[in-house]
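Colleague: Quick note: the sequence shown uses my numbering, first residue 182, plus one each step.
Pasting a structure here, questions to come.
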Amino acid sequence: MSTPDATAQPEHEELGIEELEADGDLAADYIEGLLDIADFDGDIDIDVANGRAYVSVTGGGEELDRLAAPDAVQALQDLTRLAVQARTGRFSRLIVDIGGSRDARAVELKRMVDAAIAQIAAGRDRVELEPMSSYERKLVHDEVAERGYFSESRGEGRDRRLVISRA
């Protein structure tokens with residue numbers, strides 16, 4: 182049995198604002214390169230909040246709107262995280278948004294929580310939601326807790342989902 186290495190860095194270490202801004206800059210450069218290759222227009226904004234870099238692409242018209250599908254945004258985020266990791270040597274928790282798709286999804290997730298809580302209020306013991314990304318699960322966990330209910334994650338990989346019940 183081996184002992185843990187005291188010098189090993191945690192997988193999701195807290196980064197300083199400068200490192201997060203640098204991650205955002207690297208991500209923006211990567212996304213700008215992809216947009217150039219695809220000949221898509223778009224404005225890129227970088228923000229840092231809640232220990233993450235947020236990179237938003239807006240203003241690209243119909244071409245960019247096609248990239249705003251949840252699976253496409255997730256794929257672009259995964260590729261961008263890998264590109265940043267290749268440059269920094271560490272895992273990146275950055276969030277990529279295309280055309281406001283993350284905000285639209287947050288509204289949709291709140292509606293799902295509304296519906297689940299209504300079902301629980303009507304007598305169900307618990308409600309299981311559709312599979313979602315870790316970022317989406319975090320948003321739902323926070324929303325459920327804010328409303329005084331309990332949520333837990335179940336399942337593995339792409340099938341990981343939340344179950345909501347009374348606190």
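Ideal Cβ placement from N, Cα and C applies to all residues, glycine included.
Remember, it's a predicted structure, so these values are computed and weren't measured experimentally.
CA-CA distance, GLY214 and ALA287?
Modeller: 28 Å
Colleague: Runs of 4 residues minimum, wholly inside the stretch 194-235: which ones carry the alpha helix (DSSP H) assignment?
Modeller: Runs of the alpha helix (DSSP H) lying entirely within the stretch 194-235 and spanning at least 4 residues, in chain order: 198-219.
Colleague: Taking SER332 as part of the beta strand (DSSP E), name the residues at either end of that continuous run.
Modeller: 330-335
Colleague: Identify which residue in VAL236, GLU195, GLY205, GLY241 has its Cα closest to the Cα of ASP222.
Modeller: GLY241
Colleague: With 16 as the cutoff for other CB atoms within 10 Å, does THR261 come out buried or exposed?
Modeller: buried
Colleague: For SER273, tell me which candidate among ASP206, ASP226, MET293, LEU263 has the shortest Cα-Cα distance.
Modeller: LEU263
Colleague: Buried or exposed for GLU324, please, with buried defined as at least 16 other CB atoms from any protein chain shown within 10 angstroms of its CB.
Modeller: buried
Colleague: Going by DSSP in three states, ARG271 sits in which element: helix, strand or coil?
Modeller: When secondary structure is reduced to three states using DSSP, ARG271 falls in the coil class, being assigned neither helix nor strand.
Colleague: Between ARG233 and ILE276, which are expected to be in contact by the criterion C-beta below 8 Å, what is the C-beta distance as a whole number of angstroms?
Modeller: 6 Å
Colleague: Is SER282 closer than 8 Å to ALA256 when the C-beta atoms are compared?
Modeller: no
Colleague: Using the three-state DSSP reduction, which class does GLU324 fall into: helix, strand or coil?
Modeller: helix
Colleague: Considering only residues of the stretch 246-318, which uninterrupted beta strand (DSSP E) runs meet the minimum length of 3 residues and lie entirely inside it, listed in chain order?
Modeller: You should have 276-279, 307-309.
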